[in-house]
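Undergrad:
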Amino acid sequence: MFFDFFKNKGKLEPFEIKNSSAVLLLMAPGLYVYSVLIFYFNKKAIELPGLRETFAVVFFIAGIIPLVKKEWAKKYYGYVVFLVLFLFQHYLIYTTKVNDFSIDYLLGTFIVMFGAILILNNRGFIMVFSVFQLLHLTYWGFTSNINIVLESAILISTSTIFIFSTIILNGHVRYRKQLQEINLSLENRVKERTKDLEIRAKELSEKNEDLEEFAYVVSHDLKTPLGNLHALSEWMLESNVNYSGKNEHINMLRMMKDQVEQIDLLINGILDYSLKGNEMEVKQEIKVNNIVEQIIELNSVPNCIIEIKNKLPIIEYNETEIIQVFENLIENAIKHNDKEYICIEIGSKEEDKEYVFYVKDNGPGIEEKNHKKIFNLFQKLEETSSFQSIGLGLALVKKILKRRGGRIWLNNEEGQGTIFYFSVMKKQRA
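Residue numbers (the UniProt record's numbering): 1 to 430.
#1: Within the continuous alpha helix (DSSP H) that includes Phe375, where are the two ends?
#2: Where does the unbroken alpha helix (DSSP H) through Gly363 begin, and where does it stop?
#3: Under the rule that 16 or more other beta-carbon atoms within 10 Å means buried, what is Thr194, buried or exposed?
#4: May I ask you to list the residues that DSSP assigns as paired with Phe422?
#5: Using CA atoms only, rank isn't needed, just tell me which of Gln180, Ser144, Leu135, Ile374 is closest to Thr158.
#6: Counting C-beta neighbours from all protein chains within 10 Å, is the total for Tyr139 16 or more, i.e. buried, or is it exposed?
#7: Express the C-alpha separation of Thr109 and Ser117 in angstroms, rounding to a whole number.
#8: Throw me the rounded Cβ distance for the Leu401 and Phe422 pair, which I believe falls under 8 Å.
#9: Quick one: what does DSSP say Gly347 is sitting in, helix, strand or coil?
#10: Compare the C-alpha of Lys358 against each of Leu37, Glu316, Leu410, Thr320 and name the closest.
#11: Please determine if the stretch 123–131 and the stretch 46–53 are in contact, where contact requires at least 3 C-beta pairs separated by less than 8 Å.
#12: What is the DSSP secondary structure of Lys97, counted as helix, strand or coil?
#13: Can you list the alpha helix (DSSP H) stretches of 4 or more residues lying completely in the stretch 48–83, in chain order?
#14: Rounding to the nearest angstrom, what Cα-Cα distance links Lys43 and Leu186 in this structure?
#15: Name the residue from Asp196, Tyr105, Ile167, Leu87 whose alpha carbon lies nearest to the alpha carbon of Val128.
#16: Buried or exposed: where does Ile103 fall if 16 or more other Cβ atoms within 10 Å of its Cβ makes it buried?
#17: Check the DSSP bridge columns for Ile314 and list the partner residues they point to.
#18: Give me the Cβ distance between Val260 and Leu229, rounded to the nearest whole Å; I'm assuming they're in contact under 8 Å.
#19: Do you know offhand how far Ile17's Cα is from Phe114's?
#20: Within its chain, find whatever has a CB closer than 7 Å to the CB of Ala28; leave out the 5 residues flanking it on each side and keep chain order.
#21: Taking the alpha-carbon positions, what's the Ile154 to Thr160 distance?
#22: Are the beta-carbon atoms belonging to Ile346 and Ile322 less than 8 Å from one another?
#23: Would Gly406 be called buried (16 or more neighbouring beta carbons within 10 Å of its own) or exposed?
#24: What number of angstroms, rounded off, separates the C-alpha of Glu307 from the C-alpha of Cys343?
#25: In the structure shown, what three-state DSSP assignment does Ile182 receive?
#26: Indicate whether Glu285 and Ile330 have their beta-carbon atoms separated by less than 8 Å.
Next up, the structure:
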């Protein structure tokens, strides 16, 4: 029963451990200084040999325990504090009795008594501490040669300290208990919320995997018959080059071939978009200037000038992804340009947390009402060239950039060209 009563009573909150440790460390020199002052003003004072120094060392050792035994202190430091204060209080009571209950020792006893009750912060420890010190004082009060007035004053003072300390402590304990209940309630809610989020995340992950698998399977299953159809249409066109019949038949074959190519582009785009994000994270330092120069060379077309305005920075990124971003924007600027001479300008500027790149063209521009629309899947504006488009390029660019904390937007004046801006974070997301 006695052991069960004290079970787990030694646990203290981190702030309680810190406060108790500080008090005990202060009591080590404080005890010695107070004793020196008593002997200075009271030449007849009696001190038990060696105990003052012993308790000073005990206070110091008890005070540094949390610094060297952090995990142990969390579970058992309450016992250490109680035991040290309990023994010290009875040492003070006995020393006070030896000195005939002189006011200097009696005052020190009352100070420690009041302080200990506030430090302990545990009803079980406080009850044991208070009852034993009251019994000890009462015993020496009745067995010592002191007058009834002093004896009554000591007992009344002790009882008063105990009562007021208990009242103060009850409020603190009540508040602490409410705080613990609130914390426990919040922890339970957080756990429930976390569990719910984990379940949802798992469901979303499974659905995402299913969608990606579906896109992959459908794309590959469709590509085989489409490839056959494309080859057949080419063969039929080649076989009918010298056909003397109506041109209408030849045109229909060409239309069929073009539609097959368009569907093939669409399937490749869906596959690329759906699988984007599951690639291996391969980030490296990339010289953007070199990347863009290679893309310009590959996209060289007649009557098209692509100029790098300033030296582009070195960034940390996935090389394949940054190539896709620039390729799509440059190809987009070429495909949808209605001018005889195409001019494209590429540049960048450095900001606090990101680099901002731009791709500027002299094309027809884009109406403001379509500025958001063009970043959606399968959204196409009016075709102004012979290039085929499926409306996936800008959606893919937006997905790549957003995934890595970037963004894309545009400015333009209709009829005077478009400027696409996109940002790349200096410090990439993990």
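Built from N, CA and C at the ideal position, the CB exists for glycine as well.
TA: Looking at the coordinates:
#1: Counting along the chain, Phe375 falls outside any alpha helix (DSSP H), and DSSP gives it neither H nor E.
#2: For Gly363, there is no enclosing alpha helix (DSSP H), as DSSP marks it with neither H nor E.
#3: Its Cβ having fewer than 16 others within 10 Å, Thr194 is exposed.
#4: Beta-bridge partners assigned by DSSP to Phe422: Phe357, Ile408.
#5: Selected option, being the one with the closest Cα: Leu135.
#6: Classification of Tyr139: exposed, given that the 10 Å Cβ count is below 16.
#7: In the sequence on display, residue 117 carries Ile and not Ser. C-alpha separation (whole angstroms): 12 Å.
#8: 6 Å between Cβ atoms; contact.
#9: Look at Gly347 here: in three-state DSSP terms it is strand.
#10: Position check: residue 358 holds Tyr in this sequence, whereas Lys was assumed. The shortest Cα separation from Tyr358 among Leu37, Glu316, Leu410, Thr320 belongs to Leu410.
#11: Verdict: no, contact absent.
#12: In this structure, Lys97 counts as helix in the three-state DSSP scheme.
#13: Within the stretch 48–83, the runs of alpha helix (DSSP H) that reach at least 4 residues and sit entirely inside it are, in chain order, 51–68.
#14: Taking the straight line joining both Cα atoms gives about 60 Å.
#15: Comparing Cα-Cα distances from Val128 to each of Asp196, Tyr105, Ile167, Leu87, the minimum goes to Leu87.
#16: By the neighbour-count definition (other C-beta atoms within 10 Å, threshold 16), Ile103 is an exposed residue.
#17: DSSP output for Ile314 lists Lys287 as bridge partner(s).
#18: Confirmed, about 5 Å.
#19: Near 19 Å, if we compare the C-alpha coordinates of Phe114 and Ile17.
#20: Ala56, Phe59, Phe60, Gly63, listed in sequence order.
#21: Answer to the nearest angstrom: the Cα atoms are 10 Å apart.
#22: Contact flag unset, no.
#23: It is buried - the Cβ of Gly406 has at least 16 other Cβ atoms within 10 Å.
#24: Glu307 and Cys343 have their alpha carbons spaced roughly 8 Å apart.
#25: In the structure shown, Ile182 sits in a helix (DSSP, three-state: H, G or I).
#26: Contact: no.
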